[in-house]
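Student:
Number of protein chains: 4
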Amino acid sequence: MADKVGVALLVGAGDAIGAAVARRFAEGGYKVCIARRDAAKSQKVCLFNAGSNVSKPLLETTEKLFFKAWELACYAGFLVGREAARYMLKRGHGTILFTGATASIRGSKGFAAFSSAKFGLRAVAQAMARELGPKNIHVVHLLIDAGVDSEAIHQRMKAATGIDAKEIPADSLTKTRSIADAYWFAHHQARDGWTHELDLRPSVEKW
Amino acid sequence: MADKVGVALLVGAGDAIGAAVARRFAEGGYKVCIARRDAAKSQKVCLFNAGSNVSKPLLETTEKLFFKAWELACYAGFLVGREAARYMLKRGHGTILFTGATASIRGSKGFAAFSSAKFGLRAVAQAMARELGPKNIHVVHLLIDAGVDSEAIHQRMKAATGIDAKEIPADSLTKTRSIADAYWFAHHQARDGWTHELDLRPSVEKW
Amino acid sequence: MADKVGVALLVGAGDAIGAAVARRFAEGGYKVCIARRDAAKSQKVCLFNAGSNVSKPLLETTEKLFFKAWELACYAGFLVGREAARYMLKRGHGTILFTGATASIRGSKGFAAFSSAKFGLRAVAQAMARELGPKNIHVVHLLIDAGVDSEAIHQRMKAATGIDAKEIPADSLTKTRSIADAYWFAHHQARDGWTHELDLRPSVEKW
Amino acid sequence: MADKVGVALLVGAGDAIGAAVARRFAEGGYKVCIARRDAAKSQKVCLFNAGSNVSKPLLETTEKLFFKAWELACYAGFLVGREAARYMLKRGHGTILFTGATASIRGSKGFAAFSSAKFGLRAVAQAMARELGPKNIHVVHLLIDAGVDSEAIHQRMKAATGIDAKEIPADSLTKTRSIADAYWFAHHQARDGWTHELDLRPSVEKW
């Protein structure tokens, strides 16, 4: 790589995982570009999660909710992945990292919409990994089987259970830095030994 | 059930699997209703497959193709499943059967669109099974890991390889009747022992 | 098959699943042979379960327990399967059915020994299915993700929770007849559409 | 950790993966202890592989082969893991890393013995991870879905295909260093974000 500067493009980066990944790659000397929806207009969200991960009984799962979940958590991943691939194929190398969740491998009760989208994104990651791997583009799917230690989760917990962030047992939520470290690790693997899927959860998590 | 007549509603039933399932349930004394897109306007297709299962390199996978695959193989399944559930919840019982494929569990090279949709449908089936099972609605996902012995496959094979239907080794394609038998079996399982996923492939298949 | 009589050999058949499978195949006109360990000497057990499915903290999991679980739930399956295959290969057809459990796909806390054996048996079933399928021997792995409605379970429940068999909610345990029906179904599938794995659980089961 | 020195105990370390892992941890300042069978008496082997990964048709898979595969690839893992856990539970922390293979998740034709053992080891890893995680012991299962760039593989390839090590395309075998880096990464994860399974394969691998 010599004197070349690496570039990290984060699409849909939010204040939690996205910000931590940005920091991690910036610390590592990368030029970091962040693309996100207008934080002023909508709430501050990660494009790939975007409130689409709510639980709803089947009969309350509207067409709109089902479509939105797919659009944000699956379709956007395909679009961005395809564009990234177009660019990387010309350069002859690159890493594309998708963020999965428990819902990527388990269709739980109440999660028809979100799971469907996350399962779909995982398929995109697999198909891309198999096609692009031999062309030196590394596609990774990270399974975050965890609550992420973020402002959003704190607020949701507070609202749902009354538990304050300070009372949450240490290490029971995954820190965004830990996720960013996994991204960093995956991106730096040698071409002869690539990880295509890795899970991530707190030591105390039931799974 | 006494003198009550069972009703089988087939949504998106085509000339292959759909027709065989219709025959199987009719033989078993069910009243069979078939819903499909206008066969005169479009080609004769199974709603849930609908040409969406084509292989395309990533860069040739258009937005339209990706959306269509999802709409036909995943979204339609959600819509129909939800409506069926609405009806069955009132009656207190029912069986909902989804047809999966190899692409439901494997994102192969070239199948970003179709796999993404089929993964998504599998998530819908799982979420519905977990929510509706305790309410006596049996949701099953059948994994057809096979070429189906149908006119459509014969034509595609002929076009791709020049091999005529008569030359295809016996038992190397799964007969629609075998699939229909699996549907019939799953539908008749006692409530204390339900299958939620079963695979189906020819004895000679590599898997 | 004409006037030929089918033969069902049940190895390690106990009073629950084994007896029900024997009845089902006898009703279907099969000659049924049962091989089991001496019921007078040891407790009445199914060879493939044999009390090996107990939960133990890791540090209490002795070498003997680990070995026994493997010997009964995995090694015996290999030995019997291999002998059955030897015989069936000469005749040119046959079905070999293995009984799996939740522990076949999930290494739960406390189940290092039993899960290890059951995972191992599943591998045997897969390897056999892939080798023997093209030779017309159908190998099936049934995943019984359920408590089985049997005297043994009733007693264990009584001992553990004080709940009497009569108080157990209907349909919350899988009846041996339902399992036997799945065996019967799998055995009668046409060669062009074989199931290699199917799960089975009560409608009310959490999974 | 301050001035404390970490200890890495490698059981069954061979000249390939084991040696590389030893080097990696030594470079990182760890005291490395290696336990292996007498290299003078037997061939130089990794305890957990030990020639047990040979492919055999079912009828040629002897009791001895089946037992040996289990003893070396599964039972030894349980024994060593249990002892390591005993020690780590007293200290209150530790990492236990198991090496898996393609055969850990796929029972391929001809691999009844090896797959059975490797499936079994994966179950041990899962059960240990779930029990020991909350006690701050991190158990990881690495899925090496690759040929490992080692003298043993070179010789086997030469014997099987006549292809010389020099002719093998670069990056088509996973370097032991890449594997060691994954071990190192997993060992250093923060407790709030642990990986329990990760795969590793060359970019050009079909999977």
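Protein chains in written order, with this note's numbering: chain C, 115 to 321; chain A, 115 to 321; chain S, 115 to 321; chain W, 115 to 321.
No residue lacks a Cβ here, since even glycine has one placed at the ideal position from N, Cα and C.
(1) What does the alpha-carbon distance come out to for the pair residue 249(S) and residue 317(C)?
(2) Pull out every residue of the stretch 292 to 312 of chain W whose Cβ sits closer than 8 Å to any Cβ of chain C, in chain order.
(3) With a threshold of 7 Å on Cβ separation, who are the neighbours of residue 153(C) within its own chain once the five nearest residues in sequence on each side are excluded?
(4) Return the chain-ordered list of same chain residues with a C-beta closer than 6 Å to the C-beta of residue 180(C), the five sequence neighbours on each side being excluded.
(5) Would residue 119(C) be called buried (16 or more neighbouring beta carbons within 10 Å of its own) or exposed?
(6) What residues are listed by DSSP as bridge partners for residue 258(S)?
(7) Any Cβ of chain B within less than 8 Å of the Cβ of residue 141(A)?
(8) Please classify residue 210(S): does DSSP put it in a helix, a strand, or coil?
(9) With the cut-off set at 8 Å, would you say residue 135(S) and residue 294(S) are in Cβ contact?
(10) Under a CB-based cut-off of 8 Å, is residue 164(S) close to chain W?
(11) I'd like to know whether the C-beta atoms of residue 200(A) and residue 214(A) end up nearer to each other than 8 Å.
(12) Measuring only from the beta carbon, is residue 150(C) closer than 7 Å to any heavy atom that is part of the ligand MN?
(13) Where are the beta strand (DSSP E) runs, 3 residues long or more, that stay fully inside the stretch 115 to 152 of chain W, in chain order?
(14) How is residue 302(W) classed by DSSP in three states: helix, strand or coil?
(15) Beta-carbon of residue 198(W) versus every beta-carbon of chain S: anything under 8 Å?
(16) Could you tell me how far apart the beta carbons of residue 262(A) and residue 130(A) are, in whole angstroms, since I believe they sit closer than 8 Å?
(17) Three-state secondary structure (DSSP) at residue 321(A)?
(18) Who pairs with residue 253(W) in a beta bridge, going by DSSP?
(19) Could you tell me whether the stretch 169 to 180 of chain A touches the stretch 191 to 205 of chain A, using the rule of 3 or more Cβ pairs below 8 Å?
(20) Just the Cα atoms here: how many angstroms apart are residue 265(S) and residue 126(S)?
(21) Tell me the rounded alpha-carbon separation between residue 143(A) and residue 283(S).
(22) Considering only the alpha carbon of each residue, which of 219(A), 311(A), 149(A), 168(A) lies closest to residue 240(C)?
(23) When DSSP labels each residue in this structure, what does residue 380(C) get in the three-state scheme?
(24) Please tell me whether residue 138(A) has its Cβ less than 8 Å away from any Cβ of chain S.
(25) Name the DSSP beta bridge partners of residue 309(S), please?
(26) Which same chain residues, not among the five before or five after residue 252(A), have their C-beta less than 6 Å away from its C-beta?
(27) Quick one: is residue 177(A) buried, meaning 16 or more other Cβ sit within 10 Å of its Cβ, or exposed?
(28) Leaving aside the five residues before and after residue 288(C) along the sequence, list all residues of the same chain whose C-beta is less than 8 Å from its C-beta, in chain order.
(29) How many angstroms separate the CA atom of residue 286(W) from the CA atom of residue 278(A)?
(30) So, at 7 Å on beta carbons, what are the nonlocal neighbours of residue 169(S) in its own chain, with the 5 sequence-adjacent residues on each side left out?
(31) Go ahead and label residue 141(C) buried or exposed: buried means 16 or more other beta carbons lie within 10 angstroms of its beta carbon, across all protein chains shown.
(32) Would you call residue 310(W) buried or exposed, if buried means 16 or more other Cβ atoms sit within 10 Å of its Cβ?
(33) Buried or exposed for residue 245(S), please, with buried defined as at least 16 other CB atoms from any protein chain shown within 10 angstroms of its CB.
(34) Within 8 Å (strictly less), CB to CB, does residue 315(A) reach chain S?
(35) Excluding five sequence neighbours on each side, which residues of the same chain lie with their C-beta closer than 6 Å to the C-beta of residue 115(C)?
Tutor: Quick answer:
(1) Spanning the two alpha carbons is a distance of roughly 47 Å.
(2) 292, 293, 295, 296, 299, 303, 304, 305, 306, 307, 308, 309, 310, 311, 312
(3) Low local confidence applies: a pLDDT of 48 at residue 153(C) is under 50, so the model's placement there is unreliable, with the coordinate-based value given in what follows. Cβ within range, chain order: n/a, list empty.
(4) Cβ neighbours of residue 180(C) beyond the five flanking positions: 227.
(5) Exposed, by the Cβ-count rule.
(6) 215(S), 314(S).
(7) The chain labelled as chain B is not found among the protein chains of the depicted structure, namely C, A, S and W.
(8) strand
(9) yes
(10) Any answer about residue 164(S) is weak, because its pLDDT of 42 lies below 50 and its placement is not dependable; what the coordinates show is given next. Chain W, which has no Cβ nearer than 8 Å to the Cβ of residue 164(S), makes this no.
(11) Going by C-beta atoms, residue 200(A) is not nearer than 8 Å to residue 214(A).
(12) As presented, the structure is devoid of all ligands, the ligand MN included, so that no description of it is given.
(13) Complete beta strand (DSSP E) runs here, min 3: 121 to 125, 145 to 149.
(14) coil
(15) no
(16) At roughly 6 Å, the Cβ-Cβ gap stays under 8 Å, so residue 262(A) and residue 130(A) are in contact.
(17) coil
(18) BP columns for residue 253(W) point to 210(W).
(19) no
(20) Each residue's Cα considered, the two are about 17 Å apart.
(21) 32 Å
(22) The residue with the shortest Cα to Cα distance from residue 240(C) is 219(A).
(23) Outside the displayed span of chain C (115 to 321) sits residue 380(C), for which this structure offers no information.
(24) For residue 138(A), the answer is no, since every Cβ of chain S falls outside 8 Å of its Cβ.
(25) Per DSSP, none; premise fails for residue 309(S).
(26) 209, 308
(27) Residue 177(A) is exposed by the Cβ-count criterion.
(28) 258, 260, 261, 262, 263, 314, 315, 316
(29) 38 Å
(30) 224, 225
(31) exposed
(32) buried
(33) buried
(34) yes
(35) Summary for residue 115(C): the model assigns pLDDT 42, below 50, so the residue's position carries little reliability; its value from the coordinates is reported in the next sentence. Closer than 6 Å at Cβ, skipping near neighbours: no residue.
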